[in-house]
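First the structure, in the form of structure tokens, and then the observations on it.
Protein chains in written order, with the numbering used here: chain A, 46 to 205; chain B, 33 to 209.
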């Protein structure tokens, strides 16, 4: 797993943005709500393509066309989640440092972002519909599994 | 029912697990509902007929919704009284009712003629309105759902303005025990 020194997290938390969010009663919940809306958009954009790769959902549509259509939404909503997620992080960085789910989440996030925008994207674009069904299923399962890890970790940061 | 409720609320793992399931099924339901709403607005997958999107994704949306409702009922049963008097919970239930109404109107009126407009890149105005309404309502439902956990208007947090107490059904003197 990724590891950074505690001093970095303390520095993050003591910053002005983090302090403002922490001291406000409504800012953390409001940012968290936007983060959750972003999650819905990410989930939709990921699921449409991964279901297709599994041979489910919109299985009559070309995979590369579906992936191309939802990509702006995927990138936009991931961007929104990273911005809101960073703000949430700044307000409670040291709590995150000691939280195991946080580290699991960040590891899965890093892996899924790399996987989505390299392997998954490359295979969908180059193989188009000549993709071996098994390869397609493996790609979808890795993507869904890593996103599951991201969401699971995210939800459990709050239960510590 | 009472002992069930207490056990779920105090369990170290059951409550977080049920809440996680609620969020997972939310991803399936809300995620695919967003895709459909955006298609109705003509903002995504313009080359895929609306009828095809509905036929292929609706079973997943309904499945996600059913598990989401069951897990939501379980969460409610763990903290029933406090949740029932939670202003965000009440607002969420009202919005759910409106979202249901929107689905009903869409399917009984607009969707009936889908064969005639489903292949259009941008669907007719009535379908776009239904999509926009659905998107706005579900976003508001999820925001108010998240706010249930941060109840600034809890009955125990008195004094509150009288109109808040009448909306939440709180009786300040009786709840200060």
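The beta carbon of each residue, even a glycine, is placed where N, CA and C say it ideally should be.
Please report the residue range of the alpha helix (DSSP H) in which residue i lies.
| i | result |
| --- | --- |
| residue 116(A) | 108-136 |
| residue 82(B) | 82-110 |
| residue 134(B) | 119-137 |
| residue 175(B) | 157-179 |
| residue 201(B) | No alpha helix (DSSP H) contains residue 201(B), which DSSP labels as neither H nor E. |
| residue 146(A) | 145-160 |
| residue 78(A) | 72-98 |
| residue 182(A) | 178-202 |
| residue 146(B) | 146-149 |
| residue 56(B) | 46-73 |
| residue 40(B) | 34-42 |
| residue 167(A) | 166-172 |
| residue 54(A) | 51-59 |
Thinking just about the alpha-carbon of each residue, which of the options is nearest to the one in residue i?
| i | options | result |
| --- | --- | --- |
| residue 166(B) | 88(B), 44(B) and 137(B) | 137(B) |
| residue 73(B) | 160(B), 173(B) and 198(B) | 160(B) |
| residue 99(B) | 71(B), 129(B) and 53(B) | 53(B) |
| residue 132(A) | 99(A), 147(A) and 80(A) | 80(A) |
| residue 65(A) | 185(A), 50(A) and 134(A) | 134(A) |
| residue 49(A) | 124(A), 136(A) and 142(A) | 142(A) |
| residue 51(B) | 121(B), 151(B), 187(B) and 106(B) | 106(B) |
| residue 39(B) | 61(B), 111(B), 199(B) and 133(B) | 111(B) |
| residue 153(A) | 124(A), 193(A) and 128(A) | 193(A) |
Determine, for residue i, whether the minimum Cβ-Cβ distance to residues of chain A falls below 8 Å.
| i | result |
| --- | --- |
| residue 202(B) | no |
| residue 48(B) | yes |
| residue 171(B) | yes |
| residue 187(B) | no |
| residue 43(B) | no |
| residue 52(B) | yes |
| residue 209(B) | Residue placement at residue 209(B) is flagged as unreliable, the pLDDT there being 46, under the threshold of 50; the coordinate-derived value follows with that caveat. For residue 209(B), the answer is no, since every Cβ of chain A falls outside 8 Å of its Cβ. |
| residue 143(B) | no |
| residue 62(B) | yes |
| residue 122(B) | no |
| residue 174(B) | yes |
| residue 72(B) | no |
| residue 100(B) | no |
| residue 116(B) | no |
Quick one: is residue i buried, meaning 16 or more other Cβ sit within 10 Å of its Cβ, or exposed?
| i | result |
| --- | --- |
| residue 153(B) | exposed |
| residue 209(B) | Because the pLDDT at residue 209(B) is just 46, under 50, the model does not fix this residue reliably, and the value given afterwards should be weighed accordingly. Classification of residue 209(B): exposed, given that the 10 Å Cβ count is below 16. |
| residue 180(A) | exposed |
| residue 114(A) | buried |
| residue 145(A) | exposed |
| residue 169(B) | buried |
| residue 178(B) | buried |
| residue 167(A) | exposed |
| residue 56(B) | buried |
| residue 125(B) | exposed |
| residue 58(A) | buried |
| residue 165(A) | buried |
| residue 143(B) | buried |
| residue 188(B) | exposed |
| residue 130(A) | buried |
| residue 53(A) | exposed |
What's the gap between the Cα of residue i and the Cα of residue j?
| i | j | result |
| --- | --- | --- |
| residue 185(B) | residue 196(B) | 7 Å |
| residue 203(A) | residue 147(B) | 46 Å |
| residue 96(B) | residue 64(B) | 9 Å |
| residue 103(A) | residue 102(B) | 27 Å |
| residue 66(B) | residue 92(A) | 11 Å |
| residue 82(A) | residue 88(A) | 10 Å |
| residue 139(B) | residue 128(B) | 16 Å |
| residue 83(B) | residue 56(A) | 53 Å |
| residue 207(B) | residue 150(A) | Because residue 207(B) sits at a pLDDT of 47, beneath the cut-off of 50, its placement in the model cannot be relied upon, and the following sentence gives the value as read from the coordinates. C-alpha separation (whole angstroms): 40 Å. |
| residue 170(A) | residue 157(A) | 18 Å |
| residue 70(B) | residue 163(B) | 7 Å |
| residue 36(B) | residue 58(B) | 24 Å |
| residue 62(A) | residue 136(A) | 7 Å |
| residue 67(A) | residue 182(B) | 14 Å |
Quick one: which chain E residues come within Cβ less than 7 Å of residue i?
| i | result |
| --- | --- |
| residue 95(B) | Checking the listed chains, one finds no chain E in this structure; the protein chains it contains are A and B. |
Any Cβ of chain B within less than 8 Å of the Cβ of residue i?
| i | result |
| --- | --- |
| residue 110(A) | yes |
| residue 86(A) | yes |
| residue 103(A) | yes |
| residue 114(A) | yes |
| residue 77(A) | yes |
| residue 164(A) | no |
| residue 148(A) | no |
| residue 56(A) | no |
| residue 160(A) | no |
| residue 129(A) | no |
| residue 92(A) | yes |
| residue 121(A) | no |
| residue 204(A) | yes |
| residue 184(A) | no |
| residue 200(A) | yes |
| residue 178(A) | no |
For the ligand NAD, is there a heavy atom less than 7 Å away from the beta-carbon of residue i?
| i | result |
| --- | --- |
| residue 114(A) | Although the ligand NAD was asked about, the structure shown includes no ligands whatsoever. |
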